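Peer 1: Under full-length UniProt numbering, the first residue of the sequence shown is numbered 1, with each subsequent residue one higher.
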Amino acid sequence: MKTPCNKCGKTIGFFDRNYKIDNEKLNIKYDGLCGDCNNVLKKGIEKLDDMYQWMMNNLKKNKDVQKNGMVSVEADLLILLAVEALFSVAPDYYDLNSPLNQTFIRAKESRGVDRQRDIVRIVHILLLYGFEANLKDQGLDTTRNFIAYMIQNEQFLEEVEVNCGVEDELIKANVFLSRRGLIIDTLDNPKLIYISIPSDVLVDYQVESSEIINEVILKNVFYPWDKKKKVVLTLVSESVLFSVANAIDRFNQKTSKLQDKLKKDSLEYFNDQVVEDLEKIKPGEFIEAIHLDCLLLCIVKNLKSQKMFSMEALFDPKGTAIELLWAYYRQNLRNMGIDNNEKIVTYLLKNCLYTEGFNIKHGNKPSDKGWGFFTTKGYIIYFRRSRQVFFIYTETFPNPLYHPCNRVTYEDKQYLQLIMNNGRSLGEEQRELDELIFYSDEPETITQMERFFERHNLYYQMETFLKKQKEVQRKREKYLQVQRIINHIFNDFGFLPYCIYDEWYVIQTELKKDDILLNKLIDTDAGLRKNYTLGQITYAPKIIEAFNRGAEAVQNSLNIVEDSVARAILWVAFKEAVTETLSQEWVRIAGEILDKDDNALSAFFKYVNLKNIEPDKVYFMGLFIYHLMDREILQSDNFLENYEGAVRIFLECRRVIEEPKFEGTILPMDELLEEVFPMKKKEESNL
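(1) Please state the DSSP three-state secondary structure of Thr186.
(2) Between the region 395 to 406 and the region 456 to 470, do at least 3 Cβ pairs fall closer than 8 Å?
(3) Relative to the alpha-carbon of Asn638, which residue among Trp504, Gly372, Val120 and Glu552 has its alpha-carbon at the smallest distance?
(4) For Thr346, which of helix, strand or coil comes out of DSSP?
(5) Could you check whether the Cβ of Gln259 sits closer than 8 Å to any Cβ belonging to chain D?
(6) Which runs of the beta strand (DSSP E), 3 residues or longer, sit entirely within the region 69 to 96?
(7) Out of Tyr94, Glu208 and Asn134, which one is the CA nearest neighbour of Arg121?
(8) Per DSSP, which residues does Ile193 bridge with? Please list them.
(9) Within the continuous beta strand (DSSP E) that includes Gln388, where are the two ends?
(10) Take Ser209 and list the residues in its own chain whose beta-carbon comes closer than 7 Å to its own, dropping the five residues that flank it on each side.
(11) Are the beta-carbon atoms belonging to Leu278 and Val300 less than 8 Å from one another?
(12) Using DSSP with H/G/I as helix, E/B as strand and the rest coil, what is Gly337?
(13) Provide the residue(s) that pair with Cys405 in DSSP beta bridges, ordered along the chain.
(14) Starting from His627, trace the alpha helix (DSSP H) both ways and give me its first and last residue.
(15) Helix, strand or coil: how does DSSP classify Asp22 here?
(16) Between Asn57, Asp514 and Val71, which lies nearest to Pro404 when the distance is taken from Cα to Cα?
(17) So, with DSSP's three-state summary, where would you put Glu169?
(18) Just to confirm my understanding: we take Lys512, look at its own chain, exclude 5 residues before and 5 after, and list those with CB closer than 6 Å. What are they?
(19) Where does the unbroken alpha helix (DSSP H) through Glu444 begin, and where does it stop?
(20) Could you give the uninterrupted runs of the alpha helix (DSSP H) lying entirely in the region 222 to 286, keeping only those of 4 residues or more?
(21) By Cβ distance below 6 Å, which residues in the same chain neighbour Asn58 in space, the five residues on each side in sequence not counted?
(22) Checking 8 Å against the spacing of the C-beta atoms, do Ala646 and Ile625 come in under that value?
(23) Is Leu234 near Asn220, with beta carbons less than 8 Å apart?
(24) Once you ignore the five residues that flank Met150 on each side, which residues in its own chain have a CB closer than 6 Å to its CB?
(25) What is the DSSP secondary structure of Val656, reduced to helix, strand or coil?
(26) Leaving out five residues before and five after Thr3 in sequence, what residues of the same chain have Cβ atoms less than 6 Å from its Cβ?
(27) Counting Cβ pairs closer than 8 Å, one from the region 33 to 43 and one from the region 94 to 106, do we hit at least three?
(28) Identify every residue that forms a DSSP beta bridge with Tyr382.
(29) Would you report the Cα separation of Lys365 and Phe358, rounded to the nearest angstrom?
(30) Measuring only the C-alpha atoms, how far is Lys304 from Leu177?
(31) With DSSP collapsed to three states, give me the class of Glu435.
(32) Please determine, among Lys254, Ile649 and Ile516, the residue with the shortest C-alpha to C-alpha distance to Asp76.
(33) Under 8 Å Cβ to Cβ from Phe493, same chain only, skipping five residues before and after it: list those, please.
(34) Can you tell which of Glu450, Ile290, Lys261 and Gln259 has the C-alpha that lies nearest to the C-alpha of Val274?
(35) Based on the DSSP output, what are the partners of Glu154 in its beta bridges?
(36) Would you be able to state if there are at least three C-beta pairs under 8 Å between the region 157 to 168 and the region 224 to 233?
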């Protein structure tokens, strides 16, 4: 009995072999095939498998696939790769006699060529063959859904001109355009050009339409061989141009939605990691009550570990860190009085420091490169080679996290030594310091760290100083101990040095040098002149030496750990004693000559007219200035700031008295007073 071929209908001869094909995966089943049809179908299936292997080879090079697996590949990328595989492996797919067409399209002789329709059909079969799980995950496994998806998300352009030739020569080509890239299939000299577009890129394009040209310029899509050469499509009509522009708009809308979803998913995952760290640091504590510094430390730790987030985002008002804080930690921000992005950035810039590019050494281990993030309540330091992390956090502020911090010079290089908490907490018998030493080839890096450490060191020392100062003021024996040291300095050197501008200037300048606490407490205007009077320094070095000895005595007698705090306590008491004592000395010598309504001008008119002293003498001038400060006639409590103005007032008062017929330019006395002592003017204007 003669049997017809199930595919072509030709009778299979009695002596001819009857072939069978049953491929359930491709939904191809024939019980009786002639030899020719069997060969065609086998070649078609082989072509499809070759296309699948082509895709797999490309996907294996993809970093996202290497990290997240094949199932994570999105449909748009699979379609683009499938079309590339189709054009590469079976460029004659549209030919009705080609094995691929005969196997999967089953076109009839009467049907014309429809390349776009054939592409959709073959791509769908190819993806079902090798990537069915991806299609099911994205709801595209059914023919109806897939065809609708491709029509909406891809576009096939036949016989357009593209600037892919030498020097922008226009080449006729078929172009497959999608959200994830382009495939340019040139016609005259067949060549396949694959141009990828990253999944998060919005295509920036420009259209130019006129009677003679219709162009779409893809402004941020470039050829692989020239990263500056933009892809330009020259189209046959204005309607095709608008069709391409609309397609790109659709692609961009989808990219934006995917970006938003990816960002949201990434932010949720990122926050999960932050919460996990917070629970380790603050077990059982309400998240809303955790300090902002603790949150920032955990955020930075995870920013550094998640490559999807950059450290630039830390200080960006629209960056990941601030977005995360608003999304999940709004109450923590409110606890800090922060209600907008600018205030968060201000807090970060003022209270935090992120730095990298330095070397760091700890203990006997070799030095290592690292990065660090420092806040008011803690810090995190990472060693790159050993991957060791130092994480320190404390609830207190001010705190001694950055105290002491010393700049050390060794072999002409600058090092920054930060002694850690556990090193300071050891008993006296175990004073081996646990320290971190920083250094860098970029001096600005170390200087920036030193400034940050010193500022927070100042907060801690100022807080310690204020506590100790209150203790001294409350306990009489401690107060008297400080006064005895001050009286000893007065007894040794008298009162004259504090009446001489140069001496007092040098004393203050030298005491505040290299001492961040005294530098804050000793307020010498940078505009003051060093040699205002005599230009000779006699007493200052001896008084500085006596002050330093006195500070050591204060430190020992009051059991103060930080020498800078002891110096600050002595300085404040010493400065007050100088004003009070020298004011009393003036009264003892010259008597009480001032009335309660006197100002600086009337006071100096009285001073100039005194007969029992020599007003021109520096000593008496100095005593009188201290008396005016003590009586608050001079608003500033800084002798140096008052000195120059007082001398100007004194000279003008003396001129008025001694030269009543002076014909030169005279500045009105009230204006002179306001110019010399602007603080007085400001105070009066506020009354």
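Ideal Cβ placement from N, Cα and C applies to all residues, glycine included. Source: prediction; values computed, not measured.
Peer 2: For this structure:
(1) Reduced to three states, the DSSP call for Thr186 is strand.
(2) The region 395 to 406, when compared against the region 456 to 470, does touch it at the 8 Å Cβ threshold.
(3) Of Trp504, Gly372, Val120 and Glu552, the residue nearest in Cα terms is Trp504.
(4) Collapsing the DSSP output to three states places Thr346 in a helix.
(5) Annotation note: the requested chain D is absent from the structure, which comprises a single protein chain.
(6) Residue ranges of uninterrupted beta strand (DSSP E) with 3 or more members are absent from the region 69 to 96; none lies entirely inside it.
(7) Checking every option, the nearest Cα to that of Arg121 belongs to Tyr94.
(8) Answer is Ile184.
(9) Note, Gln388: premise wrong, no beta strand (DSSP E); not H, not E.
(10) Taken in chain order, the residues that qualify are Glu238 and Leu241.
(11) Result no, Cβ atoms of Leu278 and Val300 do not sit closer than 8 Å.
(12) Coil, per DSSP.
(13) According to DSSP, which records beta bridges pairwise, Cys405 is partnered with Leu418.
(14) Per DSSP, His627 belongs to the alpha helix (DSSP H) from Val618 to Asp630.
(15) The three-state reading of DSSP puts Asp22 in strand, counting E and B together.
(16) Check the Cα spacing between Pro404 and each of Asn57, Asp514 and Val71: the tightest is with Asp514.
(17) In this structure, DSSP gives Glu169 a state outside helix and strand, which the three-state scheme calls coil.
(18) Cβ neighbours of Lys512 beyond the five flanking positions: Leu518, Asn519 and Ile522.
(19) Residues Pro443 to Arg474.
(20) Correct list: 238 to 281.
(21) Cβ neighbours of Asn58 within its own chain (closer than 6 Å, five residues either side excluded): Leu81.
(22) For Ala646 and Ile625, yes; Cβs fall inside 8 Å.
(23) Reading off the sequence, residue 234 comes out as Thr, not Leu. Thr234 places its beta carbon 8 Å or farther from that of Asn220.
(24) Cβ neighbours of Met150 within its own chain (closer than 6 Å, five residues either side excluded): Val120.
(25) Helix, per DSSP.
(26) Excluding residues within five positions, the ones whose Cβ falls inside 6 Å are Ile12 and Gly32.
(27) With a cut-off of 8 Å, the region 94 to 106 and the region 33 to 43 count as touching, because enough Cβ pairs lie within range.
(28) Looking at the DSSP output, Tyr382 shares a beta bridge with Trp371 and Val389.
(29) Distance from the CA of Lys365 to the CA of Phe358, rounded to the nearest whole angstrom, comes to 16 Å.
(30) Pairing Lys304 with Leu177, the inter-Cα distance amounts to about 37 Å.
(31) Glu435: strand per DSSP, three-state reduction.
(32) The candidate whose alpha carbon is nearest that of Asp76 is Lys254.
(33) So the qualifying residues of the chain are Tyr539, Lys542, Ile543 and Ala546.
(34) Comparing alpha-carbon positions, the option among Glu450, Ile290, Lys261 and Gln259 lying closest to Val274 turns out to be Ile290.
(35) Residue pairing from DSSP places Glu154 in a beta bridge opposite Ser178.
(36) Touching, yes, given that three or more Cβ pairs across the two stretches are closer than 8 Å.
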